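K.L.:
Got a structure here, written out as structure tokens. Questions coming.
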């Protein structure tokens, strides 16, 4: 196969089309026309000898070859784009910085990000997404995503920033109705407000290796919803300790099975940059790491 270096326009057009969802949207991003983008992608397909998109009048869909090619090429283009920052490391970071935070973590960190980080680096444009859903970091063009829990690495880079203590809590009214569990077996018989992604609730693992599969009347995909459900007596909730620290102090929530420790959960930064991490991303990760450690303490 001839070198791909000569197909830089096609590579960029292909990646932008995948990220934007259409030739028209990609053309807007690249400040050109849909025809130019479409022809560049067609030339790239001819060059690599594979169909990258299935085209119809209504939709544009990646082929399996296109998906595999995108997953390989997009991080490389992102790293090339970041390479200039090596020469600018001593200057003030500039440009767009797109990040994603889980909802409950954002509740505690956004004020610091705005008053501390953003004001420290006024030439950065922050693009903040707050969601607990899975984020396709490369396709949705995020610079960095912050998440709690263990992550499958794949081709992404994962930097562990802090360890977050977890706790099991319930409201006084719930305990009055259901009683206080004395063992893990007792706990497994109680209804939970369950954390669930795509309808799949997570089991609860203890540091001693035991685990329970929970049941309950409400499934939630955010820490905020779990906390509210626990406060309203809907069930036991498995939450980050700092999220419910005030509730525990006030007595509006009560910790269960404090003598049965839970494993801490890693709080990590995930990005697609390899050896060349942009200065803006590194500075944000350093800042968030310090803030997360402060919260966990």
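Residue numbers (this note's numbering): 77 to 373.
Even glycine gets a Cβ: it sits at the ideal position worked out from N, Cα and C.
None of the values given here were measured: they were computed from a predicted structure.
#1: Hey, residue 309 and residue 247: beta-carbon distance below 8 Å or not?
#2: How many Å lie between residue 364 and residue 348 at the Cα?
#3: Quick check on residue 217: does DSSP put it in helix, strand or coil?
#4: Give the list of continuous beta strand (DSSP E) stretches no shorter than 3 residues that lie fully inside the region 276-311.
#5: Under DSSP, the alpha helix (DSSP H) around residue 192 begins and ends at which residues?
#6: By DSSP's criteria, residue 345 is part of a beta bridge. Which residues make up the other side?
#7: Report the CB separation of residue 214 from residue 176 in whole angstroms; it is logged as a contact under 8 Å.
#8: Name the two residues that bound the continuous beta strand (DSSP E) containing residue 212.
#9: Tell me which residues share the same chain as residue 234 and place their Cβ nearer than 8 Å to its Cβ, disregarding the 5 neighbours each side in the sequence.
#10: Would you check if the distance between the CB atom of residue 371 and the CB atom of residue 220 is smaller than 8 Å?
#11: Please check the pair residue 338 and residue 282, which I expect to be a contact at CB under 8 Å, by giving their CB distance rounded to whole angstroms.
#12: Given a threshold of 16 other Cβ atoms within 10 Å of its Cβ, counted over all protein chains shown, does residue 217 qualify as buried or as exposed?
#13: Below 8 Å between beta carbons: does that hold for residue 257 and residue 333?
#14: Grab the span of the alpha helix (DSSP H) containing residue 131 for me, first residue to last.
#15: Apply the 10 Å Cβ neighbour rule to residue 355 and answer buried if 16 or more other Cβ atoms are within range, or exposed otherwise.
#16: Name the two residues that bound the continuous beta strand (DSSP E) containing residue 267.
#17: Flag this pair as touching only if the region 179-197 and the region 291-302 have three or more C-beta atom pairs under 8 Å; answer yes or no.
#18: Return the chain-ordered list of same chain residues with a C-beta closer than 8 Å to the C-beta of residue 203, the five sequence neighbours on each side being excluded.
#19: If I measure Cβ to Cβ from residue 368 and keep anything under 6 Å in the same chain, skipping five residues before and after, which residues do I get?
#20: Going by C-alpha to C-alpha distance, which of 262, 320 and 340 sits closest to residue 24?
#21: Taking buried to mean at least 16 other C-beta atoms within 10 Å of its own C-beta, is residue 135 buried or exposed?
#22: Alpha carbons only, please: which of 79, 148, 107 and 96 is nearest the one belonging to residue 123?
#23: Beta-carbon within less than 7 Å of residue 292's beta-carbon, same chain only, minus the 5 sequence neighbours each way: which residues are those?
#24: Under 8 Å between the Cβ atoms of residue 46 and residue 280?
#25: Please confirm whether residue 103 and residue 112 have their CB atoms less than 8 Å apart.
#26: Tell me which same chain residues have a C-beta within less than 8 Å of the C-beta of residue 61, skipping the five on either side of it?
P.N.:
In short:
#1: Residue numbering aside, residue 309 sits at position 233 when the chain shown is read from its first letter. Residue numbering aside, residue 247 sits at position 171 when the chain shown is read from its first letter. Cβ atoms of residue 309 and residue 247: closer than 8 Å.
#2: Taking the chain shown and counting its residues from 1, the one referred to as residue 364 is at position 288. Taking the chain shown and counting its residues from 1, the one referred to as residue 348 is at position 272. The alpha-carbon atoms of residue 364 and residue 348 are separated by roughly 18 Å.
#3: Along the chain shown, read from residue 1 onward, the residue named residue 217 stands at position 141. Under the three-state reduction of DSSP output, residue 217 falls in the coil class, being neither helix nor strand.
#4: 291-296
#5: As a first step, residue 192 must be located in the chain shown, where it is residue number 116. Per DSSP, residue 192 belongs to no alpha helix (DSSP H) and is neither H nor E.
#6: By 1-based counting over the chain shown, the position of residue 345 is 269. Answer is 222 and 235, bridged to residue 345.
#7: As a first step, residue 214 must be located in the chain shown, where it is residue number 138. As a first step, residue 176 must be located in the chain shown, where it is residue number 100. About 13 Å; that fails the 8 Å criterion.
#8: Position 136 of the chain shown, counted from the first residue, corresponds to residue 212. Judged by DSSP secondary structure, residue 212 falls outside any beta strand (DSSP E); it is assigned neither H nor E.
#9: Counting from 1 along the chain shown, the entry for residue 234 is found at position 158. Same-chain partners within the cutoff: 227, 344, 345 and 346.
#10: If you number the chain shown from 1, residue 371 lands on position 295. If you number the chain shown from 1, residue 220 lands on position 144. No, Cβ-Cβ distance for residue 371 and residue 220 is not below 8 Å.
#11: Residue 338 sits at position 262 when you count from the first residue of the chain shown. Residue 282 sits at position 206 when you count from the first residue of the chain shown. The Cβ separation is near 6 Å, so the contact holds.
#12: As a first step, residue 217 must be located in the chain shown, where it is residue number 141. It counts as buried.
#13: Sequence index remark: in the chain shown, residue 257 carries index 181 (1-based). Sequence index remark: in the chain shown, residue 333 carries index 257 (1-based). The answer is yes: Cβ separation under 8 Å.
#14: Numbered from 1 along the chain shown, position 55 holds the residue referred to as residue 131. Counting along the chain, residue 131 falls outside any alpha helix (DSSP H), though it belongs to the beta strand (DSSP E) covering 129-131.
#15: Walking along the chain shown from the start, residue 355 turns up at place 279. Per the 10 Å Cβ criterion, buried.
#16: As a first step, residue 267 is located in the chain shown; it is residue number 191 there, counting from the start. It spans 267-273 - the beta strand (DSSP E) in which residue 267 sits, taken as one unbroken run.
#17: yes
#18: Along the chain shown, read from residue 1 onward, the residue named residue 203 stands at position 127. Taken in chain order, the residues that qualify are 172, 173, 174 and 175.
#19: Translated into the one-based positions of the chain shown, residue 368 becomes position 292. So the qualifying residues of the chain are 237, 238 and 343.
#20: Here the chain comprises residues numbered 77 to 373, so residue 24 is not present and cannot be evaluated.
#21: Residue mapping note: residue 135 aligns to position 59 of the chain shown, counting from 1. When all chains shown are included, residue 135 counts as exposed.
#22: What you label residue 123 is simply residue 47 of the chain shown in a count that begins at 1. That would be 79, whose Cα lies nearest to the Cα of residue 123.
#23: One-based indexing of the chain shown puts residue 292 at position 216. Beyond the five residues adjoining it in sequence on each side, residue 292 comes within less than 7 Å, by CB distance, of 267, 268, 269, 270 and 311 in the same chain, given in chain order.
#24: Lying before the first or after the last residue shown, residue 46 is absent from the chain, which here runs from 77 to 373.
#25: Here residue 103 refers to the residue found at position 27 of the chain shown. Here residue 112 refers to the residue found at position 36 of the chain shown. Residue 103 places its beta carbon less than 8 Å from that of residue 112.
#26: The first residue shown for the chain is 77 and the last is 373, placing residue 61 beyond what the model contains.
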